[in-house]
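Participant:
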Amino acid sequence: MRVSDSMLALPLTAIFVACFVAPLAVLLLLSLHGDISMTGWTLGNYAKFFTDRFNYSILVETLLLGLKATLVCLIFGFPIAWLCSRASPRWQSVLLFLVILPILTSVVVRTFSWIVILGRQGVLNQIVLGLHLSHEPLRLLYTEVGVVIVLAQVQMPLMVLPILAVLSKIDPNLADASRVLGAGEWRTLWRVTLPLSLPGVIAGCILTYSASITAFVTQSLIGGARLIYMPLHIYQQAVGANNWPFAAAVSIIFMVTVMIVVAVLSAIGRRSETYGGA
Amino acid sequence: MAARSRIRWDRLSLLFVFGLLSAIALVFLIAPTLIVLITSFTASQSLKFPPDGLSLQWYAALLDADQMQRAAWNSLVVAFWTTLIAVVLGTSAALAIARSRSPWLRAADTLFMSPLLLPALAFGFAALIFINRLGFTPNIPFLVLGHVIVCVPFVLRTTLASLSQLDPAILEASKSLGAGRLMTFRRITLPLIASGVSAGGFLAFMASFDNVPVSLFLADERTEMLPIHLWQQIETNLDVRTAAASGLIVMATLLLMVLAERFAGLTRQMR
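Going down the list, the protein sequences come from chains G and S.
Count the first sequence with this note's numbering and you get residues 385 to 662, in order.
Count the second sequence with this note's numbering and you get residues 309 to 579, in order.
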């Protein structure tokens, strides 16, 4: 009986082995060869990446971009989750609906809308010029600031949902106790609520970070051709330059980097769970 | 007295700061959707916002946009098959994972969820190399399989969440009353997890319909997918028809979201 239960996972496992594990294995193999016919092993593709400033600075820029977008998501996402957790069920649904809306709207549509907003004659610049906050239109499209704004908007639900899940499980008596003992709201937030919500915060950071650094469409449409991040770099090497082995190596480097970041953050997350004593 | 006013001030300042941050975030979250909707009804030839006048002309122009219509149809067909396969395989795998403590299935769970975190573009490229090495060229069935890989985590996650809410005592009761495994599944388990499964299916459908990184590599040259077609429109000639198509997608998304909220409690399932 036990055995037959586990069998239910077999079809999906088979598909994953054939369509996910096998392609990634071939990707790894190709990255260790100099040409597409795979003759002769080499580490040349990796050497090329790490010795060329142009290449490794793209990796660094991508990792920093993810950090900035994640921080913006956290600064705005935590308050939303906090308000959500205290709202009545009806308002909670409304708030969540608004938070989830962008992630379900087609990414190309969303990005298109941002081009209308961030452009030279866009909505944001009309407001800025109308309020005389600046003498000339701000450059937002094709800049990193623009990319960070759009990424933060798109990935916000990935931050809000895990934090909310943890916040709504925290015993409200703990915050009350903290207040009775004389701590103000800010102190309670800082010393009680925030530490207890750390597992959710970290889960949110993992999701927003990996989604931000891999967001090919947003990065390339808002960033334009001059701001190159890892996904666009892979695409350009694979399709533009038609250098498959090198593109494969860049893909592997990028994937391994994402896995390392996720592993480190999850390790921190596991430690924070014991910290909360939950 | 002083202490009480300090506490009130403390409370108000926290509510003010958090309220303000949330309000700013909500404006940024909603504005793009509203602006794209309003712009799509513009009467002028440009994407100026706010528009000078309103009209339905760009929606009417969509009726003649053959290429865009074909692309939309292709995307719908692929999303349909992807969702069907992802829901069947994802639900059945979720049943196995939820009922078992085996380390193998834990590992399989991690494997199934990994497409959510790993760069989809790298996977799309890997799949193209793989197909190429096997001597095939990209086609629609390969594209659907690729989409299944990146969409199945959504089904798996919501289904596992609703399975964890399922009281095992109910299953025991069903069994002791003489129901077979299939009957218990059909009459007890399935109805109780249906909203989780459908919320996951909805998310998988949206993810497939919207997918760019995998389609970019796995769609064959004759098959154009809607998001990629729209992308090219945005990059080459920023045409107001794109705004109308976007408006249509936004309205369909909102409608589907409201339905998913009504029937599957979408916001509850995503928590």
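Note that CB positions come from ideal geometry on N, CA and C, so glycine has one too.
The structure displayed is predicted, hence computed values, not measured ones.
Around the C-beta of A465 of chain G, are 16 or more other C-beta atoms found within 10 angstroms, so that it is buried, or is it exposed?
Facilitator: Here the question's residue 465 of chain G lines up with position 81 in the first sequence. Its Cβ being crowded by 16 or more others within 10 Å, A465 of chain G is buried.
Participant: If the cut-off is 8 Å on Cβ atoms, which residues from the segment 445-465 of chain S count as contacting chain G, listed in chain order?
Facilitator: For the segment 445-465 of chain S, which is checked against every Cβ of chain G, the residues closer than 8 Å are L453, G454, V456, I457 and V460.
Participant: Give me the subset of the segment 534-550 of chain S whose CB atoms are less than 7 Å from a CB atom of chain G, sorted by chain position.
Facilitator: Answer in chain order: P535, L538, W539, I542 and T550.
Participant: Based on the DSSP secondary-structure assignment, which residues constitute the bridge partners of W425 of chain G?
Facilitator: Locating residue 425 of chain G in the first sequence gives position 41, where the first residue counts as 1. DSSP lists G:H417 as partners of W425 of chain G.
Participant: Are the CB atoms of A487 of chain S and D389 of chain G nearer to each other than 8 Å?
Facilitator: As a working mapping, residue 487 of chain S is identified with position 179 in the second sequence. As a working mapping, residue 389 of chain G is identified with position 5 in the first sequence. Taking 8 Å as the Cβ cut-off, A487 of chain S and D389 of chain G do not qualify as a contacting pair.
Participant: Near I554 of chain G, what residues of its chain come up, given a Cβ to Cβ distance below 6 Å and the 5 sequence neighbours on each side ignored?
Facilitator: In the first sequence, counting from the first residue as 1, residue 554 of chain G sits at position 170. Counting only Cβ-Cβ distances below 6 Å, and skipping sequence neighbours, we find L580.
Participant: Starting from T350 of chain S, follow its DSSP beta bridges and name the residues at the other end.
Facilitator: By one-based count along the second sequence, residue 350 of chain S stands at place 42. Beta-bridge pairing links T350 of chain S to S:L362.
Participant: How is the alpha helix (DSSP H) around L526 of chain S delimited, first residue to last?
Facilitator: For the purposes of this step, residue 526 of chain S is taken as residue 218 along the second sequence, with counting starting at 1. Residues P521 to L526.
Participant: Using the rule of at least 16 other Cβ atoms within 10 Å of the residue's Cβ for burial, across every protein chain shown, is G450 of chain G buried or exposed?
Facilitator: Counted from its first residue, the first sequence places residue 450 of chain G at position 66. Buried is the call here.
Participant: Could you tell me whether the Cβ atoms of F420 of chain S and A401 of chain S are closer together than 8 Å?
Facilitator: Mapped onto the second sequence, residue 420 of chain S falls at position 112. Mapped onto the second sequence, residue 401 of chain S falls at position 93. For F420 of chain S and A401 of chain S, yes; Cβs fall inside 8 Å.
Participant: Near L616 of chain G, what residues of its chain come up, given a Cβ to Cβ distance below 8 Å and the 5 sequence neighbours on each side ignored?
Facilitator: Taking the first sequence and counting its residues from 1, one reaches residue 616 of chain G at position 232. These residues qualify, in order along the chain: F600, Q603, S604 and G607.
Participant: Starting from the Cα of T466 of chain S, find the closest Cα among S:I496, S:I501, S:V456 and S:I478 and give me that residue.
Facilitator: Stepping through the second sequence from its first residue, residue 466 of chain S is reached at position 158. For the residues S:I496, S:I501, S:V456 and S:I478, the minimum Cα distance to T466 of chain S belongs to S:I501.
Participant: Which residues in chain S sit within 8 Å of D389 of chain G, going by Cβ to Cβ distance?
Facilitator: For this step, residue 389 of chain G is matched to residue 5 along the first sequence. What D389 of chain G touches in chain S: L403, A404, R407 and S408.
Participant: I'd like to know if M565 of chain S contacts chain G, where contact means its C-beta is closer than 8 Å to some C-beta of that chain.
Facilitator: Taking the second sequence and counting its residues from 1, the one referred to as residue 565 of chain S is at position 257. So yes, M565 of chain S belongs to the interface.
Participant: Leaving out five residues on either side along the sequence, give the residues of the same chain with a beta carbon under 7 Å from the beta carbon of A662 of chain G.
Facilitator: What you label residue 662 of chain G is simply residue 278 of the first sequence in a count that begins at 1. The predicted position of A662 of chain G is uncertain, since its pLDDT is 42 and thus under 50; a value taken from the coordinates is nonetheless stated next. Around A662 of chain G: no qualifying Cβ.
Participant: Under 8 Å, Cβ to Cβ, is there at least one residue of chain B near A631 of chain G?
Facilitator: Absence of chain B from the displayed structure is noted, the protein chains being G and S.
Participant: Using DSSP with H/G/I as helix, E/B as strand and the rest coil, what is E569 of chain G?
Facilitator: One-based indexing of the first sequence puts residue 569 of chain G at position 185. Reduced to three states, the DSSP call for E569 of chain G is helix.
Participant: Using a Cβ-Cβ cut-off of 8 Å, state whether G568 of chain G counts as contacting chain S.
Facilitator: Position 184 of the first sequence, counted from the first residue, corresponds to residue 568 of chain G. It does; some Cβ of chain S falls within 8 Å.
Participant: Please determine, among S:R314, S:V396, S:A339 and S:V548, the residue with the shortest C-alpha to C-alpha distance to V534 of chain G.
Facilitator: Here residue 534 of chain G is taken as the residue at index 150 of the first sequence, counted from 1. Closest by alpha carbon: S:A339.
Participant: Within 8 Å of any Cβ in chain G, is that where the Cβ of P476 of chain S sits?
Facilitator: For the purposes of this step, residue 476 of chain S is taken as the residue at position 168 of the second sequence. Chain G contact via Cβ: absent.
Participant: Let me check understanding here. Comparing Cα to Cα, which of G:V550, G:Y613 and G:S477 lies closest to E657 of chain G?
Facilitator: Reading the first sequence from its first residue, position 273 is the one you call residue 657 of chain G. Of the listed residues, the one whose Cα sits closest to E657 of chain G is G:V550.
Participant: For chain S, is any of its Cβ atoms less than 8 Å away from the one on L482 of chain G?
Facilitator: Here residue 482 of chain G refers to the residue found at position 98 of the first sequence. Yes, because at least one Cβ of chain S sits closer than 8 Å to the Cβ of L482 of chain G.
Participant: Among the residues of its own chain, which have a CB less than 6 Å from the CB of Q526 of chain G, if the five just before and after it don't count?
Facilitator: Numbered from 1 along the first sequence, position 142 holds the residue referred to as residue 526 of chain G. The residue asked about is misnamed: residue 526 of chain G is Tyr in this sequence, not Gln. Closer than 6 Å at the Cβ level, and outside the excluded window around Y526 of chain G, lie G608.
Participant: Flag this pair as yes or no: are the beta carbons of P521 of chain G and L515 of chain G separated by less than 8 Å?
Facilitator: As a first step, residue 521 of chain G must be located in the first sequence, where it is residue number 137. As a first step, residue 515 of chain G must be located in the first sequence, where it is residue number 131. It is not a contact, given that the beta carbons lie outside the stated cut-off.
Participant: Is there contact between the segment 435-443 of chain S and the segment 465-479 of chain S, where contact requires at least three CB pairs shorter than 8 Å?
Facilitator: No contact exists between the segment 435-443 of chain S and the segment 465-479 of chain S.
Participant: Taking just the CA atoms, how far does L370 of chain S sit from I542 of chain S?
Facilitator: The residue you call residue 542 of chain S lines up with position 234 of the second sequence. The residue you call residue 370 of chain S lines up with position 62 of the second sequence. In a straight line, the C-alpha of I542 of chain S is about 15 Å away from that of L370 of chain S.
Participant: Of all the alpha helix (DSSP H) runs that stay within the bounds of the segment 476-521 of chain S, which reach a length of 4 or more residues?
Facilitator: DSSP runs (the alpha helix (DSSP H)) wholly in the segment 476-521 of chain S: 476-484, 489-492 and 498-517.
Participant: Could you say which of G:P473, G:L427, G:P463 and G:E569 lies nearest to R319 of chain S if we only look at CA atoms?
Facilitator: As a first step, residue 319 of chain S is located in the second sequence; it is residue number 11 there, counting from the start. When each option's Cα is compared against that of R319 of chain S, the closest is G:E569.
Participant: Does any residue of chain G bring its CB to less than 8 Å from the CB of P427 of chain S?
Facilitator: Taking the second sequence and counting its residues from 1, one reaches residue 427 of chain S at position 119. Taking Cβ atoms only, chain G reaches closer than 8 Å to P427 of chain S, which makes this a yes.
Participant: Taking CB distances under 8 Å as the criterion, tell me whether D318 of chain S reaches chain G.
Facilitator: Locating residue 318 of chain S in the second sequence gives position 10, where the first residue counts as 1. Yes - at least one Cβ of chain G is within 8 Å of the one on D318 of chain S.
Participant: Under three-state DSSP, which class holds Y440 of chain G?
Facilitator: Residue mapping note: residue 440 of chain G aligns to position 56 of the first sequence, counting from 1. If DSSP states are grouped into helix, strand and coil, Y440 of chain G belongs with the helices.
Participant: Would you kindly check if the distance between the Cβ of D360 of chain S and the Cβ of S352 of chain S is under 8 Å?
Facilitator: Position 44 of the second sequence, counting from 1, holds the residue named residue 352 of chain S. Position 52 of the second sequence, counting from 1, holds the residue named residue 360 of chain S. Going by C-beta atoms, S352 of chain S is nearer than 8 Å to D360 of chain S.
Participant: In terms of residues, what are the limits of the alpha helix (DSSP H) holding D374 of chain S?
Facilitator: Mapped onto the second sequence, residue 374 of chain S falls at position 66. Unbroken alpha helix (DSSP H) run through D374 of chain S: D374 to R407.
Participant: Determine the direct distance from the alpha carbon of S482 of chain S to that of M491 of chain S, and round the result to whole angstroms.
Facilitator: Stepping through the second sequence from its first residue, residue 491 of chain S is reached at position 183. Stepping through the second sequence from its first residue, residue 482 of chain S is reached at position 174. Their backbone Cα atoms lie some 9 Å apart in a straight line.
Participant: Can you give the Cα-Cα distance for P449 of chain S and V325 of chain S, rounded to whole angstroms?
Facilitator: Taking the second sequence and counting its residues from 1, one reaches residue 449 of chain S at position 141. Taking the second sequence and counting its residues from 1, one reaches residue 325 of chain S at position 17. Whole-angstrom Cα-Cα distance: 51 Å.
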